[in-house]
Structures are given as structure tokens and as C-alpha cells.
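Quick notes on the structure that follows.
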Amino acid sequence: MNNLKILDHPLLQHKISLLRDKNTIMKEFRELVSEISMLMTYEATRDLKLTEVQIQTPVAIAKTKVISGRKIALVPILRAGLGMAGGASVLIPAAPVGHIGICRSNSKEGSDVTEYYCKLPVDIAKRDVIVMDLLLATGSCASRAVSKLKEVGCDSIKYICVIACPEGVKAFGEAHPDVEIYCGALDSGLTDDLYITPGIGDGGDRIFGTK
52 MNNLKILDHP LLQHKISLLR DKNTIMKEFR ELVSEISMLM TYEATRDLKL
102 TEVQIQTPVA IAKTKVISGR KIALVPILRA GLGMAGGASV LIPAAPVGHI
152 GICRSNSKEG SDVTEYYCKL PVDIAKRDVI VMDLLLATGS CASRAVSKLK
202 EVGCDSIKYI CVIACPEGVK AFGEAHPDVE IYCGALDSGL TDDLYITPGI
252 GDGGDRIFGT K
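Everything in the sequence shown is counted per my numbering, starting at 52 for the first residue and increasing by one.
As C-alpha cells, this is what we get:
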């Protein structure tokens with residue numbers, strides 16, 4: 052699990068605890084996902100390159116720093132990852148947002164996935180890409196999404212999820228050992244129905260009120 056970074060900021064951990072609660076209603080759940088996404092994006096972009104510039108303030112010339120190098124693109128995995136895009140966009144409003152739709156079968160192996168939608172920024176291969184999804188369960192959807200991005204030329208990718216489990220981290224790491232995983236919690240494992248336990252249940256259903 053060398054590519055795994057578990058973010059332990061107190062605010063993040065507090066909000067994830069609220070997210071887990073089965074009594075958290077849809078509106079609050081969405082707001083928490085957005086807030087968590089902002090905090091995680093903040094941490095995942097800590098290594099962005101800076102360059103020194105001079106800026107005229109109302110008082111004097113200031114030597115200060117701005118972000119330099121490649122620009123960022125955000126790619127949520129539909130559908131639960133869509134709930135994370137808004138929070139990340141607040142921090143990086145100039146970042147274009149691509150979308151990859153992938154669904155997983157209910158097979159216990161979890162390896163049967165289908166890509167049903169993909170729309171990416173035309174210059175995405177020239178950008179640092181942040182892939183987002185609520186959960187890293189079997190790892191099959193995340194692996195397919197990153198493979199798709201590599202197929203179109205992306206060579207700088209990070210993956211952000213709120214909750215992961217060892218099975219998903221292992222499968223994703225074997226498929227993409229060059230991609231760092233940022234998560235807020237590493238749970239114990241998967242149920243027979245491929246839900247992360249203790250987890251948060253079906254993240255997509257809780258965000259969109261479909262169950």
C-alpha cells in the first residue's frame with residue numbers, strides 16, 4: 052500500500068463520521084461530501100509547483116508565489132463521484148471537469164465493469180488529473196477509469212476517495228502502481244454484496260436519494 056495516503060485532518064475525520072451515520076439526510080449528506088471533497092483536494096494539491104512573482108500591492112512591491120507548471124483537470128467517476136466535483140471546483144474554479152461513467156456488475160469477483168459514458172477536456176493529456184469517487188471498494192471502476200485516462204495520454208494522475216478498503220487498494224495498486232490514492236479512511240473490508248464495511252452504504256443512492 053505504498054501508494055496510499057490516509058488523510059487524518061481532524062475536520063475531515065469529523066465530517067466522515069457524520070457521513071457514515073445512517074440518519075444523515077440527503078441534503079446534509081450532499082453538503083458533507085462537498086465539504087470533504089474540498090478538504091481532500093486541498094491536501095492532494097499540496098505538492099503543486101510554485102514560482103515567485105512580483106505584485107504591486109496598495110503599499111509596495113511584494114515578492115510572492117503563484118502556482119506554475121501544468122494545469123489541473125477534475126474527473127469524477129459517475130455517479131457517486133459527481134457529488135465530489137463541486138467541492139473540488141470551489142478550490143480550483145478554473146479546472147475543467149471531465150466525466151467517466153462506469154458501472155460494476157454484482158459478481159463477487161467485482162472485475163466485470165462497463166464503461167457507458169466518457170467526456171473529457173480536449174487538452175486533458177497536458178494536465179494533472181484528479182480522479183474522484185466516493186468509495187474505493189473492489190477497485191475495478193477506479194482502475195478502468197484511470198486506464199481510460201492513460202489511453203488518451205494522461206501521465207499525471209491522482210485518485211481521491213472518501214473511504215477505501217484493503218481489497219480495493221490492493222487491486223488498484225496492482226493495476227496502477229504509479230497513481231497515488233488519497234482517502235479519508237481505510238475500512239476493514241467488503242461484504243458479500245461488495246459494500247465497504249462499516250462504510251457508508253450506497254454512496255450514489257444517498258447523494259441522489261434513489262433508495
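For glycine and all other residues, C-beta sits at the position ideal for the given N, C-alpha and C.
Item to check | Residue span of the beta strand (DSSP E) that contains residue 150, given as start and end | outcome: 150-155
Checklist entry - With 16 other CB atoms within 10 Å as the buried threshold, where does residue 210 fall? => result buried
Item to check | residue 230, DSSP secondary structure in three states | outcome: coil
Checklist entry - Should residue 58 go down as buried or exposed, given a rule of 16 or more other Cβ atoms within 10 Å for buried? => result buried
Checklist entry - Sorted by chain position, which residues of the same chain lie with C-beta nearer than 8 Å to residue 207's C-beta, five sequence neighbours on each side aside? => result 121, 178, 179, 180
Item to check | Counted within 10 angstroms of its Cβ, other Cβ atoms place residue 216 as buried (16 or more) or exposed | outcome: buried
Checklist entry - Is residue 219 helix, strand or coil when you go by DSSP? => result helix
Checklist entry - DSSP on residue 113, reduced to helix/strand/coil? => result strand
Item to check | Rounded straight-line distance, which links the Cα of residue 191 to that of residue 161 | outcome: Note that residue 161 scores a pLDDT of 48, beneath 50, so its modelled location is shaky; the value from the coordinates is reported in the next line. Between residue 161 and residue 191, the C-alpha separation is close to 7 Å.
Item to check | Option in 154, 173, 174, 175 with minimal Cα separation from residue 48 | outcome: Only positions 52 to 262 of the chain appear in the structure, and residue 48 is not among them; the question remains open.
Checklist entry - In this structure, does DSSP put residue 169 in helix, strand or coil? => result strand
Next on the checklist: Spatial neighbours of residue 176 within its chain, please: C-beta separation below 8 Å, excluding the five flanking residues on both sides.
Outcome noted: 203, 204, 205, 206
Item to check | Whole-angstrom distance between residue 251 and residue 80, CA atom to CA atom | outcome: 10 Å
Next on the checklist: Please state the DSSP three-state secondary structure of residue 56.
Outcome noted: strand
Item to check | Range of the contiguous beta strand (DSSP E) that encloses residue 187 | outcome: 179-187
Item to check | Three-state secondary structure (DSSP) of residue 249 | outcome: coil
Next on the checklist: Under DSSP, the beta strand (DSSP E) around residue 76 begins and ends at which residues?
Outcome noted: Segment: none, residue 76 is in no beta strand (DSSP E) and carries neither H nor E.
Item to check | Whole-angstrom distance between residue 152 and residue 183, CA atom to CA atom | outcome: 12 Å
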